[in-house]
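A.B. asks: Okay, handing you the structure first.
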Amino acid sequence: MRAAVVTTFGGPEAVEIVDVALPEPGDRQVRIEVAAGAVNPVDLALRAGVFGGAGETLGLGWDVAGTVDAVGPGSAWRVGDRVVALVPGVTGPLGAHAEYVVVDADAVAKAPATVDEVHAGTLPLNGLTAAQALDLLELAPGDSLLVTGAAGAVGGFAVQLAARRGIAVTGQARAGDEELVRSFGAADFTAEGVAPKSVDAVLDAAMLGEPALDWVRDGGAFVSAQPGRQPAPVRGVRTEAVMVRADGARLADLAALVDEGALSLRVAGTYPLARAAEAHARLAEGGVRGRLVLVP
Numbered sequence: 006m007r008a009a010v011v012t013t014f015g016g017p018e019a020v021e022i023v024d025v026a027l028p029e030p031g032d033r034q035v036r037i038e039v040a041a042g043a044v045n046p047v048d049l050a051l052r053a054g055v056f057g058g059a060g061e062t063l064g065l066g067w068d069v070a071g072t073v074d075a076v077g078p079g080s081a082w083r084v085g086d087r088v089v090a091l092v093p094g095v096t097g098p099l100g101a102h103a104e105y106v107v108v109d110a111d112a113v114a115k116a117p118a119t120v121d122e123v124h125a126g127t128l129p130l131n132g133l134t135a136a137q138a139l140d141l142l143e144l145a146p147g148d149s150l151l152v153t154g155a156a157g158a159v160g161g162f163a164v165q166l167a168a169r170r171g172i173a174v175t176g177q178a179r180a181g182d183e184e185l186v187r188s189f190g191a192a193d194f195t196a197e198g199v200a201p202k203s204v205d206a207v208l209d210a211a212m213l214g215e216p217a218l219d220w221v222r223d224g225g226a227f228v229s230a231q232p233g234r235q236p237a238p239v240r241g242v243r244t245e246a247v248m249v250r251a252d253g254a255r256l257a258d259l260a261a262l263v264d265e266g267a268l269s270l271r272v273a274g275t276y277p278l279a280r281a282a283e284a285h286a287r288l289a290e291g292g293v294r295g296r297l298v299l300v301p
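The sequence shown lines up with residues 6 to 301 when you count with the working numbering.
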């Protein structure tokens, strides 16, 4: 089967399409025939060598939507089930950008019924990152939250999920994105920022770091959407970063919200797997609203 990998770090040209052995599911695992999977900034970072692994073959891709093709012992999934899953990790030889992928059964969820597989392939990584980041913030209904990068994939999901919980959300993004961010449920919008110490928490999906920390009240909370990018705590502000983890049950909850119309999935464009390098180049240019999706 074909898969997208990197063997040498570099720009988009470092993405290779190679033939690899068809993976077999083990105990409590399933094999998914991949129909679609988003290209995310983490893929660009891996390709550039941010996570190390020089001299190794590293698979690309975290998001997968497709159909269960084979099941290992102990799995309750059935061949033919239409599913989504997160393929976590950045150091394995095979990621989700492939024709088939094997994942743990408890990382899998039933795909949303109301969208096609291309849209479903944008949900796992960014949806779980947003949900797990909100969990770390520990906010209650009525609390105030500023989401940076609110027009982006993680930020957009975070605004929608937080607003649904009754949290008063301010979305921060480019001025031209105000209508989009408000459509997600943001009560307020800013292109610049807010007054110092004026919100209970910040979810930093734009990686602004310390400047965004200034907006949090004393004793508030700050969560970065990227591990290692959170600033040092000050004024009693708790600072953390979300390390996304596979969670099939939580992913199923997110898929149900999609079917309810409470969570929107955005596709900026599609590319065949053979043109994965082009998708990397386009994402690196910036200005993408929604996700670029590879279709094997």
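Note that beta-carbon positions come from the ideal geometry of N, C-alpha and C, so glycine has one too. Here the structure is a predicted model, which is why all the values come from computation and not from measurement.
Taking Pro30 and Ala289 to be in contact with their CB atoms under 8 Å, please state how far apart those CB atoms are, rounded to whole angstroms.
C.D. replies: Mapped onto the sequence shown, residue 30 falls at position 25. Mapped onto the sequence shown, residue 289 falls at position 284. Wrong, their Cβ atoms sit about 34 Å apart, outside the cutoff.
A.B. asks: Compute the Euclidean distance between the alpha carbons of Thr244 and Ala273, then round it to the nearest angstrom.
C.D. replies: In the sequence shown, residue 244 corresponds to position 239, counting from 1. In the sequence shown, residue 273 corresponds to position 268, counting from 1. Distance between the alpha carbons of Thr244 and Ala273: 32 Å.
A.B. asks: Once DSSP output is grouped into helix, strand and coil, what is the label at Arg280?
C.D. replies: Within the sequence shown, residue 280 is the residue found at index 275, counting from 1. In the structure shown, Arg280 sits in a helix (DSSP, three-state: H, G or I).
A.B. asks: Do Val174 and Thr135 come within 8 Å of each other at the CB atom, strictly closer than that value?
C.D. replies: Residue numbering aside, residue 135 sits at position 130 when the sequence shown is read from its first letter. Residue numbering aside, residue 174 sits at position 169 when the sequence shown is read from its first letter. Per the sequence presented here, residue 135 reads as Ala, with Thr not at that position. Cβ atoms of Ala135 and Val174: not closer than 8 Å.
A.B. asks: Which runs of the alpha helix (DSSP H) spanning at least 4 residues fall entirely within the segment 124-178, listed in chain order?
C.D. replies: Qualifying alpha helix (DSSP H) stretches, in chain order: 129-142, 158-169.
A.B. asks: List in chain order: all unbroken alpha helix (DSSP H) runs of 4+ residues lying wholly within the segment 177-203.
C.D. replies: Fully enclosed alpha helix (DSSP H) runs of 4 or longer: 183-188.
A.B. asks: From which residue to which residue does the beta strand (DSSP E) around Arg296 run?
C.D. replies: For this step, residue 296 is matched to residue 291 along the sequence shown. Unbroken beta strand (DSSP E) run through Arg296: 296-300.
A.B. asks: So, with DSSP's three-state summary, where would you put Leu63?
C.D. replies: In the sequence shown, counting from the first residue as 1, residue 63 sits at position 58. In this structure, Leu63 counts as strand in the three-state DSSP scheme.
A.B. asks: Bridge partners for Gln34 per DSSP, in chain order?
C.D. replies: One-based indexing of the sequence shown puts residue 34 at position 29. Asp109.
A.B. asks: Output the distance between the C-alpha atoms of Pro93 and Gly66, rounded to the nearest integer angstrom.
C.D. replies: Locating residue 93 in the sequence shown gives position 88, counting from the first residue. Locating residue 66 in the sequence shown gives position 61, counting from the first residue. If you take the alpha carbons of Pro93 and Gly66, they lie about 9 Å apart.
A.B. asks: Whole angstroms is fine: what's the gap from Leu99's alpha carbon to Val152's?
C.D. replies: To locate residue 99, count along the sequence shown from 1; it is residue 94. To locate residue 152, count along the sequence shown from 1; it is residue 147. Roughly 33 Å separates the two Cα atoms.
A.B. asks: For Gly253, which three-state DSSP category applies?
C.D. replies: Stepping through the sequence shown from its first residue, residue 253 is reached at position 248. Note: Gly253 maps to helix in three-state DSSP.
A.B. asks: Roughly how many whole angstroms lie between the Cα atoms of Thr12 and Phe56?
C.D. replies: What you label residue 12 is simply residue 7 of the sequence shown in a count that begins at 1. What you label residue 56 is simply residue 51 of the sequence shown in a count that begins at 1. Cα to Cα, the separation comes out at about 13 Å.
A.B. asks: Would Thr130 pass as a contact of Asp68 if the rule is Cβ separation under 8 Å?
C.D. replies: Taking the first residue of the sequence shown as position 1, residue 130 is located at position 125. Taking the first residue of the sequence shown as position 1, residue 68 is located at position 63. In the sequence as displayed, the identity of residue 130 is Leu instead of Thr. Cβ distance < 8 Å, so Leu130 and Asp68 count as in contact.
A.B. asks: Between the segment 106-116 and the segment 137-144, can you find at least three pairs of beta-carbon atoms closer than 8 Å?
C.D. replies: With the cut-off at 8 Å, the segment 137-144 and the segment 106-116 do not touch.
A.B. asks: How would you write the range of the beta strand (DSSP E) that Asp48 sits in, first residue to last?
C.D. replies: By one-based count along the sequence shown, residue 48 stands at place 43. Per DSSP, Asp48 belongs to no beta strand (DSSP E); it is in the alpha helix (DSSP H), 46-53.
A.B. asks: Spell out the partners DSSP gives Arg7 in its beta bridges.
C.D. replies: Looking up residue 7 in the sequence shown gives position 2. According to DSSP, which records beta bridges pairwise, Arg7 is partnered with Asp24.
A.B. asks: Going by the beta-carbon positions, is the gap between Asp32 and Gly85 smaller than 8 Å?
C.D. replies: Counting from 1 along the sequence shown, the entry for residue 32 is found at position 27. Counting from 1 along the sequence shown, the entry for residue 85 is found at position 80. For Asp32 and Gly85, no; Cβs fall outside 8 Å.
A.B. asks: Kindly give me the distance between the Cβ atoms of Ala40 and Thr72, rounded to whole angstroms, as I take these residues to be in contact under 8 Å.
C.D. replies: Locating residue 40 in the sequence shown gives position 35, counting from the first residue. Locating residue 72 in the sequence shown gives position 67, counting from the first residue. With 8 Å as the limit, Ala40 and Thr72 qualify as a contact, their Cβ atoms being about 7 Å apart.
A.B. asks: Just how far apart, CA to CA, sit Asp48 and Val242?
C.D. replies: Against the sequence shown, residue 48 aligns to sequence position 43. Against the sequence shown, residue 242 aligns to sequence position 237. The straight-line gap from Cα to Cα measures roughly 31 Å.
A.B. asks: Within the continuous alpha helix (DSSP H) that includes Glu215, where are the two ends?
C.D. replies: Here residue 215 refers to the residue found at position 210 of the sequence shown. 215-218 is the span of the alpha helix (DSSP H), which, as asked, contains Glu215.
A.B. asks: So if DSSP puts Thr244 in a beta bridge, which residue, or which two residues, is it bridged to?
C.D. replies: Numbered from 1 along the sequence shown, position 239 holds the residue referred to as residue 244. DSSP, once it has assigned bridges, lists Phe227 as partnering Thr244.
A.B. asks: Which class does Val92 belong to by DSSP, given the choice of helix, strand or coil?
C.D. replies: Reading the sequence shown from its first residue, position 87 is the one you call residue 92. In this structure, Val92 counts as coil in the three-state DSSP scheme.
A.B. asks: Could you work out which residue in Val35, Lys115, Ala53 is closest to Gly79 when comparing CA atoms only?
C.D. replies: Looking up residue 79 in the sequence shown gives position 74. Per the Cα distances, Val35.
A.B. asks: Considering only the alpha carbon of each residue, which of Ala114, Val293, Phe227 lies closest to Gly253?
C.D. replies: Within the sequence shown, numbered from 1, the residue matching residue 253 stands at position 248. Residue Ala114 is the option with its Cα nearest to Gly253.
A.B. asks: In this structure, does DSSP put Val263 in helix, strand or coil?
C.D. replies: Position 258 of the sequence shown, counting from 1, holds the residue named residue 263. Val263: helix per DSSP, three-state reduction.
A.B. asks: Report the option in Phe14, Ala19, Gly15, Ile37 whose CA atom is closest to the CA atom of Pro301.
C.D. replies: Walking along the sequence shown from the start, residue 301 turns up at place 296. Cα-wise, what sits closest to Pro301 is Ile37.
A.B. asks: State buried or exposed for Ala260, treating a residue as buried only when at least 16 other CB atoms are found within 10 Å of its CB.
C.D. replies: Position 255 of the sequence shown holds residue 260. With 16 or more Cβ atoms within 10 Å of its Cβ, Ala260 is classed as buried.
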